[in-house]
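Be aware that the first sequence starts at 1, since it is given in the numbering used here, and climbs by one per residue. Cβ coordinates follow ideal geometry from the N, Cα and C atoms, glycine included. First the structure, in the form of structure tokens, and then the observations on it.
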Amino acid sequence: MKPVRTRFAPSPTGFLHVGGVRTALFAWLVAKQASGKFILRIEDTDKNREVAESEQHIMQSLKWLGIEWDEGPDKEGSYGPYKQSERLATYKQWAIKLIDSGRAYADPYTAEQMDAFRQEARDNKQPFLFRNHRPENPPIWDGSMPLRFKSDPKTYSWHDAVMGDLHTGPEVVDDFIIMKSDGYPTYNFAHIVDDYEMKITHVIRSQEFIASVPKFLNLYEALEIEHPILATVPFVMAPDGRKKLGKRDGAKDILDYKREGYLPEALINFMALLGWNDGTEQEIFTVEELIEKFDLARVQKSGAKFDDQRLLWMNGTYIRNLNIDRLIDEVKDFWPASAEVYDIEYKREVLRLVQDRLKFFAELPSLTTFFFEDLTVDTSLISNNKNLKDLPNDKLAELLTISQDKLSNTTFKADDLSQCLNDLLTATDSKPAVLFSVLRIATTQAPFSPGLAETLAVLGKERSLGRIKQQIETLHGALD
RNA sequence: GGCCCCGUCGUCUAGCGGUUUAGGACAUCAGGUUCUCAUCCUGAAGAUCGCGGGUUCGAAUCCCGCCGGGGUCACCA
């Protein structure tokens with residue numbers, strides 16, 4: 001049994017989104033499961049589409065997610081280089097081998113001639129096949145013209161690790177360009193050479209390539225090499241519509257999830273379940289579990305729509321299960337600016353209170369500013385509160401005044417506060433819905449906040465009482 | 001148009017001829033958790049298994065036909 005080697009082979013044409021990364025994840029899982037190697041190869045054979053910085057961006061994205069490669073452009077291995085633009089000599093060697101065996105020839109046609117051929121096929125409602133136009137006496141290939149593979153059309157049956165057994169007829173096998181006139185190979189040629197040279201055992205790629213497989217199979221034969229295990233994973237679909245997720249559908253840069261405060265393990269879990277499950281009802285998987293349980297044969301054959309609600313839920317689940325030390329660390333760049341002057345212990349207490357409420361870290365400021373900043377009284381909070389809006393201001397002020405007195409005599413430890421608040425309910429003969437609401441609003445000036453007692457305990461005595469006083473004054477002011 | 005792939009609640013899915021009155025999760029709605037928001041718990045609603053034929057005592061599951069969607073037919077990957 002050959003040691004398992006899988007690869008992810010993106011072209012540096014922009015950022016990575018969930019669609020592409022999921023394919024990388026699957027390949028990585030297959031390698032990890034077999035204690036094999038995962039290779040990152042940059043397929044930069046199209047200079048025109050290349051986007052500056054994207055190679056770095058791709059590597060950063062994978063690293064953030066923990067999808068580490070064993071060999072790649074920045075990581076020496078026995079089969080490098082791992083950038084196709086640095087492997088041109090290799091492709092040329094293989095191309096010459098093909099010429100020598102009579103399986104490749106120069107393509108002498110102009111773009112205009114090609115267009116005419118294609119138009120003719122379209123007019124006849126036929127698929128375009130270049131081999132119907134093979135030149136009788138092709139010129140010697142000098143690199144100034146494209147080099148085409150001379151196909152040997154036949155029927156193919158093959159097994160796809162995801163799709164199962166597939167069959168096609170000879171009509172899909174055609175002569176395709178293997179070397180472009182700019183000296184670069186095409187994907188169709190380069191990836192086959194590289195996968196072979198890099199001893200790749202599983203080619204895991206997305207659906208758009210499935211129709212090309214018979215052509216690849218034909219090329220493997222001409223090259224006299226065995227083809228690796230083929231696995232075709234379905235698209236990740238855009239949330240609306242039936243098309244695959246793309247940048248036009250608002251597919252986000254993976255690093256945007258980092259910026260918004262998503263946890264890499266949540267994203268990994270989410271992506272793994274987008275088209276795969278282990279047959280049980282388990283939804284939350286650690287990376288170790290995924291490595292152990294992942295199976296290409298259980299990958300769905302149909303596309304899965306990207307559902308950000310589900311991702312949000314999953315991220316919240318992961319945040320809730322994080323221990324506080326890790327959470328403190330993860331969240332350090334997300335605090336409101338006003339939190340900067342506070343010490344880590346205070347932040348830790350705040351964080352404990354909002355941990356259950358956080359879905360992603362960028363929400364942190366909206367949940368916590370009242371723990372860090374001086375507040376101004378927002379009268380609409382009372383007038384919009386169904387339990388308070390019908391009570392007269394002097395009644396509310398009275399409740400707060402009594403509370404102020406009682407609270408000033410407690411230690412402001414959580415237990416004492418709970419006791420004190422309970423005593424206040426009887427002393428004022430109030431319902432929690434009234435007393436706690438007005439106190440909560442007075443001390444937070446926020447439409448929602450964590451529980452009253454714990455919030456007061458974190459805010460501390462001085463600040464809590466000051467805010468209650470401020471609210472009383474505003475209520476009195478409104479009376480005049 | 002040729003070829004190929006796909007088709008179970010709104011979404012992700014379980015299901016491999018009978019334990020299925022089609023199960024779970026997200027989302028939605030309702031109730032509970034001394035106040036709000038969230039968590040948590042309980043419950044509800046939600047799928048004539050794309051459609052039509054067969055095979056079978058019995059089909060989401062097997063066969064055939066159709067329909068719908070997608071991919072591909074580049075000197076892009």
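What are the residues that DSSP puts in a beta bridge with HIS227? Paired residues: none, contrary to the question.
Which of helix, strand or coil DSSP assigns to THR45: coil
Quick one: residues in its chain with C-beta nearer than 8 Å to the C-beta of ALA27, no 5 flanking neighbours on either side, listed in chain order? THR6, ARG7, PHE8, PHE38, HIS202, ILE204
How would you write the range of the beta strand (DSSP E) that LEU40 sits in, first residue to last? 37–40
Got a sec, what are the start and stop residues for the alpha helix (DSSP H) LEU147 sits in? Unbroken run through LEU147 is the beta strand (DSSP E), 147–149; no alpha helix (DSSP H).
Which value, in whole angstroms, describes the spacing of the CA atoms of ASP107 and PHE128? 16 Å
How would you write the range of the alpha helix (DSSP H) that SER54 sits in, first residue to last? The continuous alpha helix (DSSP H) containing SER54 extends over residues 54–65.
Can you name, in chain order, every residue of its own chain whose Cβ lies under 8 Å from the Cβ of CYS237, other than the five neighbours on each side? For the record, residue 237 in the displayed sequence is Met; it is not Cys. Excluding sequence neighbours, MET237 sits near LYS243, LYS244, LEU245, GLY303, ALA304, LYS305, PHE306.
Using only alpha-carbon positions, find the residue among SER464, TYR196, GLN60, ILE96 that is nearest to LYS2. When only C-alpha atoms are compared, the closest one is TYR196.
What is the rounded straight-line gap between the Cα of VAL30 and the Cα of GLY36? 8 Å
Going by CA-CA distance only, name the one from THR13, PRO170, ASP249, ALA161 that's closest to LYS47. THR13
Could you tell me which residues DSSP pairs with ALA104 in its beta bridges? PHE149
C-alpha gap between ALA272 and HIS476, whole angstroms: 58 Å
Kindly list the residues whose CB is nearer than 8 Å to the CB of ARG148, restricted to its own chain and excluding five residues on each side of it in sequence; keep chain order. Closer than 8 Å at Cβ, skipping near neighbours: ALA104, TYR105, ALA106, ASP107, PHE130, ASP175, PHE176, ILE177, ILE178.
Exposed or buried, what is ALA457 when buried is set at 16 or more other beta-carbons lying within 10 Å of its beta-carbon? Buried, since its Cβ has 16 or more Cβ neighbours within 10 Å.
Write down the C-beta distance between LEU364 and VAL341 rounded to the nearest angstrom, noting that I regard them as a contact closer than 8 Å. Contact doesn't hold; Cβ gap of about 16 Å is too wide.
Status (buried if at least 16 other CB within 10 Å, exposed otherwise) for PHE448: exposed
Kindly provide the ranges of any alpha helix (DSSP H) runs that are 4 or more residues long and lie completely inside the region 77–132, ordered along the chain. 88–100, 111–123
Please determine, among HIS133, ALA427, LEU459, ASP356, the residue with the shortest C-alpha to C-alpha distance to ASN323. ASP356
Supposed close pair SER437, ASN385 - CB separation, criterion 8 Å: 6 Å
Among residues of its own chain, excluding the 5 on either side of ASP374, which ones have a beta-carbon nearer than 7 Å to its beta-carbon? none
What does DSSP give as the partner residues of HIS476 in its beta bridges? Answer is none; HIS476 lacks a bridge partner.
For the beta strand (DSSP E) that contains ARG357, what are its first and last residues? It is not in any beta strand (DSSP E) - ARG357 carries neither H nor E in the DSSP assignment.
Quick one, are the C-beta atoms of ALA453 and PHE370 less than 8 Å apart? In this structure, PHE370 does not lie closer than 8 Å to ALA453 by Cβ.
Are PRO170 and LYS154 close, meaning C-beta to C-beta below 8 Å? yes
Minimum length 4: unbroken alpha helix (DSSP H) runs contained in the region 417–471: Runs of alpha helix (DSSP H) with 4 or more residues, each lying fully within the region 417–471, are found at 432–444, 452–459, listed in chain order.
Residue range of the alpha helix (DSSP H) that GLY164 falls in? Per DSSP, GLY164 belongs to no alpha helix (DSSP H); it is in the beta strand (DSSP E), 164–168.
With the cut-off set at 8 Å, would you say GLY102 and GLY143 are in Cβ contact? no
At which residues does the beta strand (DSSP E) containing MET179 begin and terminate? Note, MET179: beta strand (DSSP E), 177–179.
Whole-angstrom distance between LEU274 and VAL162, CA atom to CA atom: 14 Å
Hey, GLU43 and GLN93: beta-carbon distance below 8 Å or not? no
With respect to 7 Å, is the separation between the Cβ of GLN470 and the closest non-hydrogen atom of the ligand PLP below this value? Ligands displayed in this structure: none; no statement on the ligand PLP is therefore possible.
Looking at LEU396 and ILE382, is the spacing between their C-beta atoms short of 8 Å? yes
So, with DSSP's three-state summary, where would you put SER380? helix
Is the CB-CB distance between SER206 and THR45 below 8 Å? no
What are the partner residues of ARG205, as DSSP defines its beta bridges? THR232
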